[in-house]
Each structure stands twice: as structure tokens, then as C-alpha cells.
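Presented below is the structure to which this report refers.
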Amino acid sequence: MTKRSAINSGTAQNPSNAGTAIFALTRKGAELAAGISAQIPGSTCFCNYRCVLPGMTPFAHISEVFPSAWREYGSIICIMGCGIAVRMAAPLIEHKTVDPAVVVMGQDGRFAVSLLSGHIGGANELARKVASITGGQAVITTASDLQDKPAIDLAAKKAGLRIENSAILSRIQAAILDDEPVWIFDPGALLLKHIPADHGLLAIDSGDDPGALRSGLGIWVSEQLSPRGIECLKLRPANLVVGIGCNRGTTSTEIVEFIGKKLKENRLSPLSVRNFASLDIKSGPLSVRNFASLDIKSDERGLLEAAKAFDRPIYFCAREDIEDIAVPNPSETVGRHVGVESVCEASALWSAGTRELLVPKRKAENCTLAIARASCP
1 MTKRSAINSG
11 TAQNPSNAGT
21 AIFALTRKGA
31 ELAAGISAQI
41 PGSTCFCNYR
51 CVLPGMTPFA
61 HISEVFPSAW
71 REYGSIICIM
81 GCGIAVRMAA
91 PLIEHKTVDP
101 AVVVMGQDGR
111 FAVSLLSGHI
121 GGANELARKV
131 ASITGGQAVI
141 TTASDLQDKP
151 AIDLAAKKAG
161 LRIENSAILS
171 RIQAAILDDE
181 PVWIFDPGAL
191 LLKHIPADHG
201 LLAIDSGDDP
211 GALRSGLGIW
221 VSEQLSPRGI
231 ECLKLRPANL
241 VVGIGCNRGT
251 TSTEIVEFIG
261 KKLKENRLSP
271 LSVRNFASLD
281 IKSGPLSVRN
291 FASLDIKSDE
301 RGLLEAAKAF
311 DRPIYFCARE
321 DIEDIAVPNP
331 SETVGRHVGV
341 ESVCEASALW
351 SAGTRELLVP
361 KRKAENCTLA
371 IARASCP
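The end of the sequence shown is residue 377 by this note's numbering, with every number in the run present.
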């Protein structure tokens with residue numbers, strides 16, 4: 001019987017918290033909140049205790065519950081004046097990649113204002129949804145929406161791409177809005193398929209075209225590192241699976257340093273690691289989209305700590321999962337010890353669901369790795 005196990009090594013990359021918190025301060029606001037909540041699955045209503053309705057969470061003052069809701073929910077609807085919502089949110093704001101969506105609406109339900117995290121957080125979309133529920137109007141102020149230009153952060157989110165250097169995002173978006181030339185290297189069309197065909201970006205066919213790449217700001221969509229000396233937004237697909245094999249007792253420090261070294265040597269971004277994979281003699285596969293290993297390794301502390309250091313899950317396979325997988329570098333010695341002739345290569349291929357290795361078996365003193373490229377969603 002096939003055995004597969006998975007271990008979450010830590011918090012996911014910029015996770016979106018589930019659910020919607022709806023805050024109301026008045027009786028009319030509470031009634032509106034109840035109507036909205038009925039149309040939004042996973043929503044929770046919070047209301048001042050003086051006008052709370054059945055099923056709502058009461059509070060004496062909004063400041064008592066708003067901070068915890070900020071951390072726990074992916075979106076927040078405030079049925080109150082914008083000023084109150086701004087004062088509540090201001091000390092909690094961190095970054096557009098982690099802040100919840102915030103939509104503000106008056107108790108009459110006429111206007112749904114997208115206040116914070118319009119694109120990545122989804123406030124623009126939420127404002128439209130809330131307005132459709134109440135029969136009101138969504139108020140959207142993001143320039144890309146007003147000018148009907150592609151919003152790169154939103155497209156990246158839809159494509160499942162990880163933003164490596166978000167500091168340059170505003171410059172890229174401003175250049176697009178001002179019709180300035182912006183090139184894009186996106187060989188898999190991972191971002192391009194999520195933006196309009198008339199996007200106005202200059203598509204670069206080769207990442208080795210220094211003239212085009214240095215002609216101005218650009219967008220680099222690849223697990224491969226971009227050439228040095230160019231200004232670009234780096235968007236990373238989560239498509240690398242790192243298969244790992246190691247001796248018993250190998251430290252996480254050695255494994256982490258080895259992985260980092262091989263990623264750098266092959267000009268691959270750590271941000272593209274999806275998971276790890278290894279063999280489970282008790283556990284298996286280790287990869288950078290994830291890590292993968294054999295199930296015999298499922299209790300190997302060094303592997304588990306290494307996956308945690310990269311903040312990626314690790315998947316372990318059983319021998320029968322990988323015994324028939326053809327690999328370029330089988331080892332009879334490994335076969336005698338663990339029952340299959342490959343751990344790192346086979347587990348990487350198994351976890352990635354592919355037959356081709358991006359980086360074949362590489363050896364360190366106490367561990368081996370191989371990297372496979374998985375398809376993107």
C-alpha cells in the first residue's frame with residue numbers, strides 16, 4: 001500500500017487568512033451587517049453590545065476586538081465612518097502583501113469604499129461584491145482600475161507568483177500608468193495570461209538580451225535569477241521541488257547551506273522552492289516548491305529543521321512510490337541500504353510529477369540533492 005506523508009514546516013509564504021470580519025456600531029449597521037454576512041460564507045459579525053443581534057459577537061468598544069480581527073481574518077468590512085476605520089487600521093498596517101482587505105460602508109449601504117489592500121488583499125473585489133449585495137456602488141480609487149491598465153500585483157497574485165522585491169513594484173506600476181516603456185521576460189506566460197492582451201508591455205524572448213533588459217524598468221518572471229545590473233520586478237513561480245537524501249544525524253545547518261549553495265550555483269531563486277521531498281523508510285521527498293524525501297527520513301531532525309528554515313513543507317514518499325522511477329544516477333549502495341537505488345532524484349521527480357530533472361544529483365559529505373521543475377497551476 002502506498003504511503004505518503006506531508007509535514008508543514010512552518011507558516012506558508014504570506015498566507016491569506018480565511019474569513020471576513022464585519023463590524024457595525026449601530027442598530028441599522030447591525031441589520032446591514034447581518035444581510036451582508038448571509039451572502040458571504042465564512043464571515044463573522046461584530047457589533048456594539050447595545051445593538052447586537054443574535055449570532056453576533058458583542059463588544060463594548062471596537063478597539064477591544066479590531067486588532068485581533070486584523071490578525072485573524074483575510075478581509076474586514078467596516079460599517080461606520082471612514083475616519084473610525086482609518087484610526088483603527090492605522091497602527092496595524094504593515095505591508096500590502098500581508099494586510100487584510102478593508103472595505104468601509106455607511107449604514108445606508110449606498111457606497112462600498114475599497115480602503116486598503118485593493119489588489120493583493122482583494123478589497124476592490126470585495127467592495128464590488130458588497131455593493132452588489134446592498135444594491136449600492138463600489139468606490140474604487142486605484143489608478144490601474146481607473147485607467148483600465150493592468151495591475152501587476154493583482155495579476156501576480158492570480159498567477160500564484162511570489163514577489164521577491166516588492167519595493168520596486170510601485171515604480172513599475174507608475175511607469176505602466178504613465179505609458180512609459182516596461183519590458184517583461186515571461187517565457188511561460190505565467191503573468192501575461194492574467195493581464196489584457198493590449199497590456200503595452202515589451203515582451204522579451206530571451207533573458208540573455210542585455211540591450212533590451214537594460215533599456216528601462218522591467219518585469220522578470222522566472223525561477224532563474226535575472227542578469228546582474230538590471231532594474232526589474234522579480235516574480236517567482238513556486239515550481240521547484242528539491243529532493244533530499246542524507247545520512248542519519250546530518251545537521252540542518254549542513255543541509256541548509258548545501259541547498260543554498262546549489263541553488264546559487266544553478267542561478268535559481270530560493271523563493272521558487274515549492275516544497276522539499278525525501279524517502280520515508282519511515283518518510284520521504286523534499287522540495288523548494290516543496291521539499292521531498294523518502295519516508296524512512298520522516299523523523300530525520302535535520303531534514304525537518306531545514307524545511308522549517310526555508311519555510312516550506314516537506315513531503316515523504318514510501319519506497320513503492322519511487323521504486324519504478326527512472327533516474328540518471330542510480331546507486332547500488334543506496335539500494336542496499338534503503339531498498340531503492342535513488343532518494344534525492346527519485347523523490348524530486350515523484351513530488352514534482354515530472355520525468356525531467358533541472359539539477360541532477362549533487363553530493364555533499366553527508367547529503368545529496370536533486371531539483372525538479374514542477375508545472376505551475
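Think of the CB as a built atom: it goes at the ideal place given N, C-alpha and C, for glycine as much as any other residue.
In this structure, Asp153 places its C-beta atom within 7 Å of the C-beta atom of His119. Assigned with DSSP and collapsed to three states, Ser342 falls in coil, not helix or strand. Our two residues, Lys28 and Leu116, have alpha carbons roughly 24 Å apart in a direct line.
Trp70 is not bridged by DSSP to any residue. Around the beta carbon of Thr20, a 10 Å sphere encloses 16 or more other beta carbons of the protein chains shown; the residue is thus reported as buried. The segment 223-241 and the segment 364-373 touch, with three or more beta-carbon pairs separated by less than 8 Å.
Per DSSP, reduced to three states, the secondary structure at Asn124 is helical. One thing to note: Val359 has its Cβ within 7 Å of the Cβ of Asn266. For Val86, there is no enclosing beta strand (DSSP E); the residue is found in the alpha helix (DSSP H) stretching over Cys82 to Ala89.
Taking a cut-off of 8 Å on C-beta distances, the segment 119-135 touches the segment 147-166, as three or more cross pairs fall below it. In this chain, Arg27 is not harboured by any beta strand (DSSP E); it is covered by the alpha helix (DSSP H) spanning Arg27 to Ser37. Counting only runs of 4+ residues, the alpha helix (DSSP H) found wholly inside the segment 186-254 occupies 210-213, in chain order. If you ignore the 5 residues before and after Leu304, its C-beta comes within less than 6 Å of no other C-beta in its own chain. Secondary structure note for Gln173: its alpha helix (DSSP H) is the uninterrupted segment Leu169 to Leu177. It is roughly 57 Å from the alpha-carbon of Tyr49 to the alpha-carbon of Asp321. Taking the Cβ atoms as the reference, Ile22 lies roughly 12 Å from Ile62, outside the contact range of under 8 Å.
Contact annotation: Val340 and Glu356 have beta-carbon atoms that are not nearer than 7 Å.
Counted as a single uninterrupted DSSP element, the alpha helix (DSSP H) harbouring Ala159 occupies residues Ile152 to Ala159. Val327 places its beta carbon less than 7 Å from that of Ala346. Excluding the 5 residues flanking it on each side, Ala131 has same chain C-beta neighbours closer than 7 Å at Ala112, Gln137 and Ala138, in chain order. Secondary structure at Val52: coil, using DSSP grouped into helix, strand and coil. Closest by C-alpha distance to Val338, out of Cys232, Asp186, Cys317 and Ala30, is Cys317. Beta-bridge annotation (DSSP): Cys45 is paired with Ile22. The beta carbon of Val256 sits closer than 7 Å to those of Ala306 and Ala309, all from its chain and outside the five residues before and after it, given in chain order. If you compare the alpha carbons of Ser222, Leu225, Ile176 and Ser226 with that of Leu202, the shortest gap goes to Ile176. Cβ contact annotation for Pro270 (same chain, cutoff 6 Å, sequence separation greater than five): Leu263, in chain order. Taking 8 Å as the upper bound for CB-CB distance, Ala38 and Leu32 are not in contact here, some 11 Å apart.
Within a 10 Å sphere around the beta-carbon of Pro313 sit 16 or more other beta-carbons, which makes this residue buried.
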